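Residues in the sequence shown are numbered from 1174 upward in steps of one, following this note's numbering.
Backbone N, C-alpha and C define an ideal beta-carbon position, used for all residues, glycine too.
All of these numbers come straight from a predicted model, not from anything done at the bench.
Notes follow once the structure below has been shown.
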Amino acid sequence: SFMDLLNLLSWACIVFTVGMFSTGLTDIKKMQQSKSVENIQFLPFLTTCLNNLGWLYYGILKSDQTLILVNVIGAVLQILYIVMYFGYATEKNAVASQTLTAGIILFCASACFYPRGETQLSQLGLTCSVFTVSMYLSPLSSLVEVVRSRNVQCLSFPLTVATLLTSASWVLYGLQVSDLYIVVPNTPGIITSLIRFYLFWKFGPSSQGSPSYKPIHI
1174 SFMDLLNLLS WACIVFTVGM FSTGLTDIKK MQQSKSVENI QFLPFLTTCL
1224 NNLGWLYYGI LKSDQTLILV NVIGAVLQIL YIVMYFGYAT EKNAVASQTL
1274 TAGIILFCAS ACFYPRGETQ LSQLGLTCSV FTVSMYLSPL SSLVEVVRSR
1324 NVQCLSFPLT VATLLTSASW VLYGLQVSDL YIVVPNTPGI ITSLIRFYLF
1374 WKFGPSSQGS PSYKPIHI
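Okay, here's the thing in structure tokens:
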């Protein structure tokens, strides 16, 4: 039935998305072992946190329990990553200023979308969609580098699988609840994942004779 399918897709979205957010625990482990933030970027934690909070607000306005649960967990995890990063960072002023800027942007954005109503919901949905699409497309430069170097060292195979499953789940969920603001921003995630799979097939271990992708260890 429709409700059974919706419930199944809802749980798929929750499990796959939380699993993808949890990959940041790898970076936490690296920070704890090295007592530094070397080779770990701060911006992805911050942008993902902003993205989670935006979708959380959208989920609250829409009364969508799946969106609310996923993004509460996501936001809590990202805040944990940010706090840990700040603790190990030597350039604390830079981290603090970036976080403060993000906070101001979030405050201004929430003020714009504060009144309830269909117009606000549509505007918020559009804003979140654009932000999510830009996050999915931002790593495209690394794909160009893979083609240029013919080496998939900078790509993570498990993260590619997680991204495909997560994006596909949200697209199907969005179609079931007839929400294009969920469908559209997750479609690029499927496309970029398929491109990555092609690159793994083209330049991966089987073509080079030795493992050249980065596994995720948590």
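A check of alpha carbon separations from W1343 across Q1326, C1327, F1194, I1363 identifies I1363 as the nearest.
Taking one beta carbon from each stretch, the region 1315-1330 and the region 1264-1272 have fewer than 3 pairs nearer than 8 Å; the two do not touch.
Secondary structure note for A1262: it is in no alpha helix (DSSP H), with a DSSP letter that is neither H nor E. Exposed is the label assigned to W1374, since fewer than 16 other Cβ atoms lie within 10 Å of its Cβ. Look at F1215 here: in three-state DSSP terms it is coil, with no helix or strand label. By the neighbour-count criterion, in which 16 or more other beta carbons inside 10 Å mark a residue as buried, R1369 falls on the buried side. With fewer than 16 other Cβ atoms from the protein chains shown falling within 10 Å of its own Cβ, Y1371 counts as exposed. Taking a cut-off of 8 Å for Cβ pairs, the region 1297-1315 and the region 1346-1357 touch, as three or more such pairs fall below it. Residue ranges of uninterrupted alpha helix (DSSP H) with 4 or more members, entirely inside the region 1299-1385 and ordered along the chain, are 1313-1322, 1330-1349, 1353-1376, 1378-1381. Secondary structure of K1208 (DSSP, three-state): coil. Here DSSP, grouped into helix, strand and coil, assigns S1183 to helix.
If you draw a straight line from the Cα of Y1261 to the Cα of S1174, it is about 50 Å long. The alpha-carbon separation between L1337 and P1358 amounts to approximately 13 Å. Distance between G1197 and F1280, taken at the CA atoms: about 25 Å. Ranked by Cα distance from P1331, the first of I1233, I1241, S1183, T1199 is T1199. Sequence-distant Cβ neighbours of K1202 in its own chain, meaning closer than 6 Å and more than five residues away, do not exist here.
Its Cα nearest to that of F1259, the residue F1215 stands out among T1221, A1248, F1215.
Closest in C-alpha terms to L1253, from the list S1302, G1232, L1219, S1311, comes L1219. Close CB contacts of G1227 within its chain, under the 6 Å cut and outside five residues either way in sequence, are with C1301 (chain order). When only Cα atoms are considered, N1180 and K1208 end up about 42 Å apart. Residue environment: L1367 is assigned as exposed (fewer than 16 neighbouring CB atoms within 10 Å of its CB, all protein chains considered). If you draw a straight line from the Cα of P1361 to the Cα of A1185, it comes to about 19 Å.
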